[in-house]
Structure formats: C-alpha cells, structure tokens
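In mature numbering (1 follows the signal peptide of the UniProt record, and there is no 0), the protein residues as written are -19 to -1, 1 to 532.
Notes to accompany the following structure.
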C-alpha cells in the first residue's frame, strides 16, 4: 500500500488551463491520507492561502476530500471503498472543485481511486442443484451460476475450474461484454440406474497478488424418462424500449417448443436466477412467456439489462435463452443552474472583464438530452464566458453606470435572463436569478439649479433676514452627494454684509444695506461634494431704494 501511494503521488499531474488537477490514490487508504499538494500544483503561496479563503466542493453527495489551508495538501476525508462508490466501472474517478475567492477563480480536479485485490470471487449460493434427464444427449450445455468479483482488471474474476468427472467437462465462454460464462458440457451419456447423482466443485479465481478464489458445489440429479428438452426459437432475444414506457407494458414474448407429447411437452417459463435488483423491474408470465415491466425504468441508473430465461417441461428438462433489453434515454430532466458564488455589490467603476458570478449547469439526461447550452439576454452590461465543462462566469462587458441602472436582476421578469437549454426533443430549459447591486463612485460633480442668480433686496432689510438661497444637486449617492456651500472670490466688505449657510445654501443679511452707498453686488458661490468635485455659480444682487432720507 505504501508503494502504491508513492506511485500515486509521483503520477499526480495537473493542467494549467482553468486549473485542472489530477491525482490518484489506492482504495481503502485511511482517513487523513495525503492525496496531492494543491498549493504547489496551483502555484499558491502558503502564507496567503488561508487569506484567499479557499474551499473544496465535491461534485457528488458525499464529501471525500478536505483541503488543509496550513500546508495546502488535499487529503482523504474518509476511507474510500472503490467497489462501493464505482461498482464495475473500469476507471473510478471522483471530481472536486476548489473555489478561491480573492482573486475569484475556480479550479477543477479529479482523483482516480485505484483498485486493490481486496475481494475474492464469490458465488450467490454455496450449493446449487441441476437436474438433467438421463436421455440428454452428449454435447448438451448447461449454463452455471456466474461468480461475482467487485474488483477490476487482473484483480477481478479471470477463470473457472471444475473438479474432474468422466461425464462432464467445464467450458468457459467470453461474451461480447467481456464477461466469462461457465457452462457444463455433457461428454458421456448418463444412466440413472447406475448413478443417480453427481457432485462437482466449481472454483472461480482472480489474478491478483495474492490470488483469491471462491467455490460452490453443484449437485447434479439424473432424471428418468423424458428425452426431449424444450427448445427456444432464438438463442438470444433483443429488444429496445424507451425509459418512459408505462408500467405493465409488454416488453417481448419468448417461445419454446417441446417435441415430446402429453405432460412432457407442457412448457413453463421463468427467469433463471434473475439478479435481485432486476426482480422488481420485470415479471414473466409462466404460461405465455410474456415479459412485462413492473416498475418505472430509469436510463440514468440502468441503460442495459441482461436476463436469462428458462423453459422447463413437466419431466424436468429445461433449456435457456438470453434476453437483452436496451433502454433509450428520454429528455425527462430540466437543466439545473447552480449558483456557486456572486460578487456583489459591484462598484460602478469596475473594470471590463471583471468576474461577477460563477455558476454551473447540470442535466441528468444523457447524449443530446444532456447537452446544455447557456445564454444571457441582450441589452445589459454583462456577458457569459464558459470556463470548462458546464461551468460559466458572468463578467462585465460594458462600463457600469449606477446613475442609469442601480440594480440588475438575472430573472425572467426583470432586465436580465439567464437560461440553460438542453438539446432534447422536446427542449427543456431552466432559469436562475442573480441580484447584482451597483454601488456609487464619485463620477458626477454638483450642478447648480442656475448658472446666474439675480436677486433684488430692499435697502431696509433687517439684519438676520433671509436674502436668498442657492441650490445644487448631485447624481451620486451617500457622501458623494453631500454638498457644502461657500463664497469664493468675495471682498471683505461684501462678506460683512452677507453670510452663507454651508449646509442649506441660505444667504442671510448680516450688515446694514444702503442704496445711496452701493446699489449692486456680485458674488460667486461654490458647491463641493463629499468626493471633492465642485461647481460654481454667480449671484447678482440689486439693492432697491426706499424713502429713508428727508429733504
């Protein structure tokens, strides 16, 4: 196991494009075992790794790995049994993603779980009974129960052996699917009166190191009389059905004939040692040979069924045939959009090409039914970029303007629509909503309501009276829109006559006005926002005479 782990580490590889990582470890490694140096392979510095806020996402429902932010190592979250999670799949791969938030990026990785020879071949039953008529001619074949070995490659089942017998020999055939099928071949005529039963030991072996094996005892009972076994019209029956076929529908009908007469010609049909997981899916009519569906099919779980059917007459003779059922996919799943991360709020001065959100699209269908295309509606400042597989990024395509649009909604009922469409017939689609708020940048200066204010004041206006008010507006928000007013370029003599409130823009009289002394004043006012941007306006003040002097 230590040598296998060393090889797995030395064989670990990664691809730079979008952060592709590949590692491999043997199965049954204890919890906490080292998988790969993610920090080194991604070029991330260890002191900054924790600050980058990195997370590992397993694509399946079970979490198998964890990332140590102290050393950047990817390790096993729990002990993994390859046979449990991948069954008979030749290459067992567990996928994961690592999300780094600052700067935002996502990396894809996969870990191949390598098989070890931890399972011996085993038969469903330790003892089985096979009934054969004494009239059976030499050359007849009898399929035997196959052994099962959940390991793969050389560690899986490789061969069968049978104890010696002068009446039988073992013939092992390899099917189109690469599976070995043991058959018992009768080489010598049986005589029930001489020997009524035969016992054989069937042994299955693998080619692992060390070699493991399993055995079962076959008891052969010789039957008297009936010398013709039923014969199927076909050695293999093939049929294709859609996964949405209704429960109770007929799949096909098998037929066998028997050349005997009377009870010996009455044929009964049945499944021959059907796997338990298929027993609830199909039912066979013993009289007609019809096979019907008893529960809903699911292409994503099983796309192929191989069954063995038996025809048996009243005298105990039987024959066998294969039934191969292929299930075709139906577009019955809607694409699902999974939002992984959203960067909001977004400053309106965000550069072009900035990543705003990362999401993935999943469709459980296969082929064209699972081929998903993602799009976003027009007339908005964002665009989609495909990362890898079915991962997408939303990035800025235009400069944002908070004063024009302060909120974007990726939804059917608002400005933006994010849609995932598959290639099935009929087409199925899914949508998701992302709310993105745009925050203010100080990109708008104050603007006075007038460039020039003209004011007429009576010369007897009391001190402290409101003379006039200037007003400016700012399209920004928050402190960037808070305006402070002040005089600019004003003589000291004029400043003694008027005061300006910096918050409201109100100008009050602070000294005595005298038409006979001065009839006109001109002052400049300045409006400055919280970000330092300014605007200016002129004020023309005309003093109106009152009859305040006697002749």
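In this text, a Cβ means the ideal position worked out from N, Cα and C, and glycines have one as well.
For residue 66, the uninterrupted alpha helix (DSSP H) segment begins and ends at 63 to 67. A direct Cα-Cα distance of roughly 16 Å separates residue 225 from residue 409. For the pair of segments examined, the region 94 to 106 was found not to touch the region 271 to 288: the number of CB pairs separated by less than 8 Å stays below three.
Per DSSP, reduced to three states, the secondary structure at residue 22 is helical. Note on residue 507: 16 or more other CB atoms within 10 angstroms of its CB, so buried under the neighbour-count rule.
Rounded to whole angstroms, residue 462 and residue 450 show a C-alpha spacing of 19 Å.
Taking the Cα positions, residue 529 is about 45 Å away from residue 426.
Counting the other CB atoms within 10 Å of its CB gives residue 501 a total below 16, which places it among the exposed residues.
Closest in alpha carbon position to residue 407, among 316, 334, 434 and 480, is 316.
Cβ neighbours of residue 119 within its own chain (closer than 7 Å, five residues either side excluded): 167, 168, 169 and 170. If you draw a straight line from the Cα of residue 142 to the Cα of residue 151, it comes to about 7 Å. For the pair residue 52 and residue 87, the Cα-to-Cα distance works out to about 19 Å. For residue 345, no beta strand (DSSP E) encloses it, and the DSSP letter there is neither H nor E. Residue pairing of residue 355 in beta bridges, as defined by DSSP: 401.
Beta-bridge pairing by DSSP links residue 161 to 155. Pairwise C-beta distances place the region 205 to 212 in contact with the region 240 to 247, as three or more of them are shorter than 8 Å. Unbroken alpha helix (DSSP H) stretches of 4 residues or longer found wholly inside the region 237 to 264: 257 to 260, given in chain order.
Nearest C-alpha to residue 117 among 131, 132, 65 and 172: 172. A straight line joining the alpha-carbon of residue 431 with that of residue 518 spans about 7 Å. Comparing C-alpha distances from residue 54 to each of 254, 85, 4 and 76 shows the shortest one belongs to 4. About 5 Å separates the beta carbon of residue 448 from that of residue 490, a gap short enough to meet the 8 Å contact definition. One Cα belongs to residue 158, the other to residue 399, and the distance between them is close to 43 Å. For residue 489, there is no enclosing alpha helix (DSSP H); the residue is part of the beta strand (DSSP E) that begins and ends at 487 to 490. In this structure, DSSP gives residue 409 a state outside helix and strand, which the three-state scheme calls coil. The straight-line gap separating the alpha-carbon atoms of residue 314 and residue 190 is approximately 44 Å. Only residues of its own chain outside the window of five on either side were considered, and among them 73 have a CB closer than 6 Å to the CB of residue 67, listed in chain order.
In this chain, the beta strand (DSSP E) harbouring residue 122 covers 122 to 124. Taking all protein chains in view, the Cβ of residue 265 is crowded by 16 or more other Cβ atoms within 10 Å, so the residue is classified as buried. In the DSSP assignment, residue 473 falls outside any beta strand (DSSP E) and within the unbroken alpha helix (DSSP H) covering 473 to 476. Listed in chain order, the non-local C-beta contacts of residue 70 below 6 Å within the same chain number zero, local neighbours out to five positions each way being set aside.
Between the beta-carbon of residue 106 and that of residue 126 there is about 7 Å, and that keeps the pair under the 8 Å contact cut. Selection 24, 346, 378 and 203 evaluated against residue 357 yields 378 as nearest (Cα-Cα). Counting other Cβ atoms within 10 Å of its Cβ, residue 526 stays below 16 and is therefore classed as exposed.
By the criterion of a C-beta distance shorter than 7 Å, residue 511 is surrounded in its chain by 460, 461 and 463, once the five residues flanking it on both sides are discounted. 220 is the residue among 229, 346 and 220 whose C-alpha sits nearest the C-alpha of residue 303. For residue 90, the secondary structure class from DSSP, reduced to helix, strand or coil, is strand.
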